[in-house]
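Participant: Line by line, the protein sequences give chains A and B. One point on numbering: in numbering that gives the first Met the number 0, the residue at position 241 of the first sequence is 240, and numbering is uninterrupted. One point on numbering: in numbering that gives the first Met the number 0, the residue at position 155 of the second sequence is 154, and numbering is uninterrupted. C-beta atoms are modelled at their ideal positions from N, C-alpha and C, and glycine is treated no differently.
There are 2 protein chains.
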Amino acid sequence: MALLDRITEKILKQIDGAGFKQEGAYNLRHNGIALCHGDSEHIKIKKKEDKPGIDVYIDGRTKGEQVHIPVVVDASGMTDVVYNDFFVEEGAEVTIVAGCGIHNSGCNESRHDGIHTFHVGKGANVRYEEKHYGEGEGSGARVLNPVTKIILEEDAIFTLDTAQIKGVDSTQRETDVVLGKNARLYVMEKLMTHDNQTAESNMEVQLNGEGSSAQIVSRSVAKGNSRQVFHPKAVGNAGCHAHVQCDSIIMDHAEVSSIPEINARHLDAAIVHEAAIGRINDEQLVKLRTLGMSEEEAEGVIVEAFLN
Amino acid sequence: MALLDRITEKILKQIDGAGFKQEGAYNLRHNGIALCHGDSEHIKIKKKEDKPGIDVYIDGRTKGEQVHIPVVVDASGMTDVVYNDFFVEEGAEVTIVAGCGIHNSGCNESRHDGIHTFHVGKGANVRYEEKHYGEGEGSGARVLNPVTKIILEEDAIFTLDTAQIKGVDSTQRETDVVLGKNARLYVMEKLMTHDNQTAESNMEVQLNGEGSSAQIVSRSVAKGNSRQVFHPKAVGNAGCHAHVQCDSIIMDHAEVSSIPEINARHLDAAIVHEAAIGRINDEQLVKLRTLGMSEEEAEGVIVEAFLN
Chain A
0 MALLDRITEK
10 ILKQIDGAGF
20 KQEGAYNLRH
30 NGIALCHGDS
40 EHIKIKKKED
50 KPGIDVYIDG
60 RTKGEQVHIP
70 VVVDASGMTD
80 VVYNDFFVEE
90 GAEVTIVAGC
100 GIHNSGCNES
110 RHDGIHTFHV
120 GKGANVRYEE
130 KHYGEGEGSG
140 ARVLNPVTKI
150 ILEEDAIFTL
160 DTAQIKGVDS
170 TQRETDVVLG
180 KNARLYVMEK
190 LMTHDNQTAE
200 SNMEVQLNGE
210 GSSAQIVSRS
220 VAKGNSRQVF
230 HPKAVGNAGC
240 HAHVQCDSII
250 MDHAEVSSIP
260 EINARHLDAA
270 IVHEAAIGRI
280 NDEQLVKLRT
290 LGMSEEEAEG
300 VIVEAFLN
Chain B
0 MALLDRITEK
10 ILKQIDGAGF
20 KQEGAYNLRH
30 NGIALCHGDS
40 EHIKIKKKED
50 KPGIDVYIDG
60 RTKGEQVHIP
70 VVVDASGMTD
80 VVYNDFFVEE
90 GAEVTIVAGC
100 GIHNSGCNES
110 RHDGIHTFHV
120 GKGANVRYEE
130 KHYGEGEGSG
140 ARVLNPVTKI
150 ILEEDAIFTL
160 DTAQIKGVDS
170 TQRETDVVLG
180 KNARLYVMEK
190 LMTHDNQTAE
200 SNMEVQLNGE
210 GSSAQIVSRS
220 VAKGNSRQVF
230 HPKAVGNAGC
240 HAHVQCDSII
250 MDHAEVSSIP
260 EINARHLDAA
270 IVHEAAIGRI
280 NDEQLVKLRT
290 LGMSEEEAEG
300 VIVEAFLN
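1. What is the DSSP secondary structure of Leu11(A), reduced to helix, strand or coil?
2. When you compare the CB of Val271(B) with every CB in chain A, is at least one pair closer than 8 angstroms?
3. Going by C-alpha distance, which of Pro259(A), Ser211(A), Lys121(A), Pro231(A) is nearest Pro231(B)?
4. Shorter than 8 angstroms from the beta carbon of Asn236(B) to some beta carbon of chain A?
5. Where does Arg172(B) sit, in a helix, a strand or coil, going by DSSP?
6. Name, please, each residue of chain A whose Cβ falls closer than 7 angstroms to the Cβ of Pro259(B).
7. Within a Cβ cutoff of 6 angstroms, which residues of the same chain sit near Tyr25(A), ignoring the five residues on either side of it in sequence?
8. If contact means a Cβ-Cβ distance below 7 angstroms, which residues of the stretch 95-127 of chain B contact chain A?
9. Can you tell me whether DSSP reads Ala241(B) as helix, strand or coil?
10. In the DSSP assignment, the beta strand (DSSP E) including Ile164(B) goes from what residue to what residue?
11. Should Asn195(A) be labelled buried (16 or more other beta-carbon atoms within 10 Å of its own) or exposed?
12. Identify whether Phe85(A) lies in helix, strand or coil by the three-state DSSP scheme.
13. So, helix, strand or coil for Gly90(B), using DSSP?
14. 8 angstroms is my cut-off, CB to CB: does Ala274(B) come that close to chain A?
15. With DSSP collapsed to three states, give me the class of Ile95(A).
16. Between the stretch 37-56 of chain B and the stretch 136-152 of chain B, do three or more beta carbon pairs fall short of 8 angstroms?
17. What does Ile215(A) touch in chain B if you count any residue whose Cβ is under 9 angstroms from its own?
18. Do you know offhand how far Pro69(B)'s Cα is from Lys130(B)'s?
19. Looking at the secondary structure, which residues open and close the alpha helix (DSSP H) in which Ala304(B) lies?
20. Kindly provide the ranges of any beta strand (DSSP E) runs that are 3 or more residues long and lie completely inside the stretch 186-251 of chain A, ordered along the chain.
21. Per the contact definition of three or more C-beta pairs closer than 8 angstroms, is the stretch 241-255 of chain A in contact with the stretch 214-230 of chain A?
22. Please confirm whether Ala297(A) and Leu306(A) have their CB atoms less than 8 angstroms apart.
23. Taking only the alpha-carbon atoms, compute the straight-line gap between Asn262(A) and Leu3(A) and give it to the nearest angstrom.
24. Can you pull the chain D neighbours of Ile301(A), defined as C-beta to C-beta under 7 angstroms?
25. Interface residues of chain A around Met250(B) at Cβ under 8 angstroms?
26. So is Gly76(A) buried or exposed if we call it buried at 16+ other beta carbons inside 10 Å?
27. What is the residue span of the beta strand (DSSP E) that Arg278(A) lies within?
28. Can you tell which of Arg60(A), Val87(A), Ala91(A), Ile101(A) has its C-alpha closest to the C-alpha of Val71(A)?
29. If you compare alpha carbons, which of Ala123(A), Asp160(A), Asp73(A) is closest to Ala97(A)?
30. Does the beta carbon of Glu254(A) come closer than 8 angstroms to any beta carbon on chain B?
31. Is any beta-carbon of chain A found at less than 8 angstroms from that of Arg218(B)?
32. Relative to the C-alpha of Arg278(A), which residue among Arg278(B), Arg264(B), Leu284(B) is closest?
33. Got a sec: which bits of the stretch 273-294 of chain A sit with their beta carbon under 8 angstroms from any beta carbon on chain B, in order along the chain?
34. Indicate whether at least one CB of chain A lies closer than 8 angstroms to the CB of Asn201(B).
35. Compute the distance between the beta-carbons of His118(B) and Ile150(B), then report whether it is under 8 angstroms.
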């Protein structure tokens with residue numbers, strides 16, 4: 000079993016809520032190198048030969064198993080680009096826990112670009128959890144640019160649960176999903192920015208299969224002078240349902256821009272979008288302050304409740 | 000009093016619901032020329048010297064008066080570009096009835112580009128009605144590209160009621176609104192496209208003044224192989240409220256794309272957007288058919304109710 004240093008342990012606690020253990024199928028990437036890795040009976044992880052990254056093979060008999068593939072970057076000035084491919088066989092049921100934490104105590108930018116592609120077979124059910132986190136007293140920026148591609152075959156179900164907790168100076172998220180017949184997508188995106196951080200999230204969901212559906216919920220809080228831009232796009236090319244909801248709280252001098260796009264190209268495509276941007280709920284704030292909380296504490300409670 | 004021909008009379012009935020009369024302040028533009036025009040005590044219409052179009056001066060004592068400025072194009076192959084400016088003084092209350100109808104019985108494109116600018120003084124209240132309509136058995140396209148700029152000073156109120164009834168082959172609408180302190184904007188946009196028509200509507204609303212508000216409702220029906228794109232944008236630069244709602248019904252092989260953008264740049268900017276695209280309500284259809292209507296009749300009733 001690989002020994003992990005204190006910083007790595009601390010970051011893993013932030014990005015892997017279920018708790019990272021060197022058991023079953025796992026792969027810990029540290030400063031661009033696989034620090035430790037394991038397979039299970041049904042899940043095999045293979046290092047790519049042609050470029051950095053791994054291929055994860057999840058066979059059809061996988062039921063309720065977890066794969067943990069966290070990434071830690073603690074070298075200042077490092078750019079880590081990784082390509083991870085997931086091949087999920089027909090009927091598999093799996094939870095993939097990813098996430099990336101950057102500890103930057105230097106003055107140079109540390110960056111991680113994770114390009115993840117999911118090939119999800121007929122009727123398979125995948126839950127993908129991804130947490131992004133930055134820390135470190137250095138002035139160097141912590142940058143995360145994830146690219147996520149998801150291809151869902153007939154009856155496949157995919158749940159994308161993604162959260163940017165804090166400390167990420169700049170992020171550019173790109174998510175593309177293609178849904179086959181009766182496939183279902185659930186997205187829960189949570190994002191918190193503060194200080195001078197910027198975040199942009201682009202998502203394109205192509206509902207190609209008859210009976211496919213997508214439910215996308217995005218919740219964000221922008222504090223300080225931070226800037227957020229959301230551009231979710233749902234395209235209905237068949238009889239399908241999609242519901243996109245973006246809610247944002249702005250605080251201080253922050254700015255949020257929400258540009259959803261819904262595009263119905265089929266008579267039986269039903270697509271709904273809702274977005275709201277506003278300040279923190281004043282009534283809740285007053286109530287919590289009446290209970291003895293400081294303004295800051297009360298705001299913290301409301302923000303946490305909103306994001307969870 | 001100018002005598003109007005049969006086609007002009009017929010088109011005026013479509014685009015001027017209140018009924019066009021050569022009374023009070025009015026200006027009828029026909030194939031690029033002012034066919035008749037009149038002033039009232041409080042409203043003066045002056046022909047522009049430097050380019051085609053009119054300046055309409057509405058003084059502060061105007062209360063409840065109407066100005067009618069319809070445009071009729073019935074020459075095939077004509078492109079009519081007109082610049083109309085409206086100067087509405089502090090405290091005026093006025094209804095401006097515009098609208099454009101194209102009768103094209105030839106094989107060349109007939110086009111009208113109306114560039115309208117509204118300078119609305121303190122506390123003035125303007126209702127602007129605009130209907131667009133096309134007809135004629137010719138194969139030449141009927142094209143309408145309106146540009147509408149609205150500048151609202153403190154406490155001004157502007158109601159924009161715009162409808163594209165039918166027969167317009169191609170439209171590109173550009174609407175820009177700037178709101179001062181406590182200014183209020185109400186927009187009701189109705190759009191119906193059929194056959195191979197295309198419609199694009201871009202709207203940018205800048206809420207610059209403290210206490211300003213905007214309520215934008217867009218309803219559209221796309222039939223045949225028609226294509227519609229909506230891009231309303233609301234930017235909150237001060238403590239303000241905005242609500243944008245776009246609802247569309249698609250029929251046959253039509254396509255609708257809705258790309259609203261809400262951008263909050265101030266802590267007290269509260270902006271909400273809702274959009275929905277879907278097919279005609281099946282339950283209503285069944286109910287009306289039970290009452291003895293044909294499918295076509297039932298659809299007609301539902302579409303009309305939705306747009307009104």
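Facilitator: To lay it out plainly:
1. For Leu11(A), the three-state secondary structure derived from DSSP is helix.
2. Val271(B) counts as touching chain A.
3. For Pro231(B), the nearest C-alpha among the options comes from Pro259(A).
4. By the rule that beta-carbons nearer than 8 angstroms mark a contact, Asn236(B) does not touch chain A.
5. Arg172(B) falls in the strand class under three-state DSSP.
6. Simply Pro259.
7. Correct list, in chain order: Gly37, His67.
8. So nothing in the stretch comes that close.
9. In the structure shown, Ala241(B) sits in a strand (DSSP, three-state: E or B).
10. Taken as a continuous stretch (DSSP letters only), the beta strand (DSSP E) holding Ile164(B) covers 156-165.
11. Its Cβ having fewer than 16 others within 10 Å, Asn195(A) is exposed.
12. Of the three classes helix, strand and coil, the one that applies to Phe85(A) here is strand, per DSSP.
13. The three-state secondary structure of Gly90(B), taken from DSSP, is coil.
14. With 8 angstroms as the cut-off, Ala274(B) counts as an interface residue toward chain A.
15. Three-state result, Ile95(A): strand.
16. In short, these stretches do not touch, since the Cβ pair count stays below three.
17. For Ile215(A), there are no neighbours in chain B by C-beta distance under 9 angstroms, as the nearest C-beta there is about 13 angstroms away.
18. Whole-angstrom Cα-Cα distance: 9 angstroms.
19. Its alpha helix (DSSP H) spans residues 294-306.
20. Secondary structure remark: continuous beta strand (DSSP E) runs of at least 3 residues inside the stretch 186-251 of chain A, in chain order: 197-206, 211-221, 226-235, 239-249.
21. Flag = yes, the stretch 214-230 of chain A and the stretch 241-255 of chain A touch.
22. The criterion of a C-beta distance shorter than 8 angstroms is not satisfied by Ala297(A) and Leu306(A).
23. Taking the straight line joining both Cα atoms gives about 48 angstroms.
24. In the structure shown, chain D cannot be found, because the protein chains are A and B.
25. Chain A residues near Met250(B): Leu266.
26. Classification for Gly76(A): exposed.
27. Per DSSP, Arg278(A) belongs to no beta strand (DSSP E) and is neither H nor E.
28. Selected option, being the one with the closest Cα: Ile101(A).
29. Of Ala123(A), Asp160(A), Asp73(A), the residue nearest in Cα terms is Asp160(A).
30. At least one C-beta of chain B is nearer than 8 angstroms to the C-beta of Glu254(A).
31. Answer no: the Cβ-Cβ gap between Arg218(B) and chain A never drops below 8 angstroms.
32. Of the listed residues, the one whose Cα sits closest to Arg278(A) is Arg264(B).
33. Listed by position, the residues of the stretch 273-294 of chain A near chain B (Cβ gap below 8 angstroms) are Glu273, Ala274, Ala275, Ile276, Gly277, Arg278.
34. Interface with chain A (8 angstroms Cβ-Cβ cutoff): Asn201(B) is excluded.
35. Their beta carbons are under 8 angstroms apart, which means His118(B) touches Ile150(B) by this criterion.
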